[in-house]
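Participant: Residue numbering for the sequence shown follows my numbering, starting at 42 and increasing by one per position. Using N, Cα and C, we set each Cβ at its ideal position, and we do this for glycine too.
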Amino acid sequence: EGAVEGEEAGVEGERETMLLECHAYEDAMTQRRDAAMQAAGSDNALRREAHVRFMTERFEYEHRVVLSEIIRTARLSAGGPDADEGAVVEAVRAACEREMGEGGCI
Numbered sequence: 042e043g044a045v046e047g048e049e050a051g052v053e054g055e056r057e058t059m060l061l062e063c064h065a066y067e068d069a070m071t072q073r074r075d076a077a078m079q080a081a082g083s084d085n086a087l088r089r090e091a092h093v094r095f096m097t098e099r100f101e102y103e104h105r106v107v108l109s110e111i112i113r114t115a116r117l118s119a120g121g122p123d124a125d126e127g128a129v130v131e132a133v134r135a136a137c138e139r140e141m142g143e144g145g146c147i
C-alpha cells in the first residue's frame, strides 16, 4: 500500500511540475507575442504575422503537451516505468484513438 501511495505521489508531483513548466512556457510565448506586437506598432501586416506566429507556436505546443500526457498515462497503465515498450505503444495508440479518432497520433 505504501508503494502505491508513493507512486501516486510521484505521478502527482510530475504532473504539478509539468503544469508549472506549461504556465512558464505559455507566459514566455505571450511575452514574445506582446513584444512583436509592440514592435509592429500600427503596421497591420506585421501585427497579423506576429499573431499567426503566436497561434501556430501555441497550437504546436498544446499538441506536444497533450501527446506527452497521453504517453505518460499510457506508460502508467501499461505497468509504469519498466513497462514493455510494445505494451506502451499499444496503450498510446488506444489513447490517441480515444482522444482523436482512428489513426489519431499517426
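Mapping the DSSP letters down to three states, classify S118 as helix, strand or coil.
Facilitator: Stepping through the sequence shown from its first residue, residue 118 is reached at position 77. Reduced to three states, the DSSP call for S118 is helix.
Participant: Can at least three beta-carbon pairs, one atom from the region 102 to 118 and one from the region 133 to 141, be found at a separation below 8 Å?
Facilitator: They touch, by the three-pair rule.
Participant: Could you tell me the distance, in whole angstroms, from the CA atom of M78 to the CA atom of E62?
Facilitator: Within the sequence shown, residue 78 is the residue found at index 37, counting from 1. Within the sequence shown, residue 62 is the residue found at index 21, counting from 1. Approximately 24 Å, taken between the alpha carbons.
Participant: Determine the extent of the alpha helix (DSSP H) in which E126 is found, giving its start and end residues.
Facilitator: Locating residue 126 in the sequence shown gives position 85, counting from the first residue. Where E126 is concerned, the enclosing alpha helix (DSSP H) stretches over 126 to 141.
Participant: Helix, strand or coil, according to DSSP, for D68 in the structure here?
Facilitator: Residue numbering aside, residue 68 sits at position 27 when the sequence shown is read from its first letter. D68: helix per DSSP, three-state reduction.
Participant: Does D75 come out as helix, strand or coil in the three-state DSSP assignment?
Facilitator: Here residue 75 refers to the residue found at position 34 of the sequence shown. Reduced to three states, the DSSP call for D75 is helix.
Participant: Mapping the DSSP letters down to three states, classify G54 as helix, strand or coil.
Facilitator: Working through the sequence shown from its first residue, we reach residue 54 at position 13. Note: G54 maps to helix in three-state DSSP.
Participant: Leaving out the 5 sequence neighbours to the left and right, which residues in its chain are closer than 7 Å to E98 when beta-carbon positions are compared?
Facilitator: Working through the sequence shown from its first residue, we reach residue 98 at position 57. For E98, where only same-chain residues beyond five positions count, the Cβ hits under 7 Å are M70.
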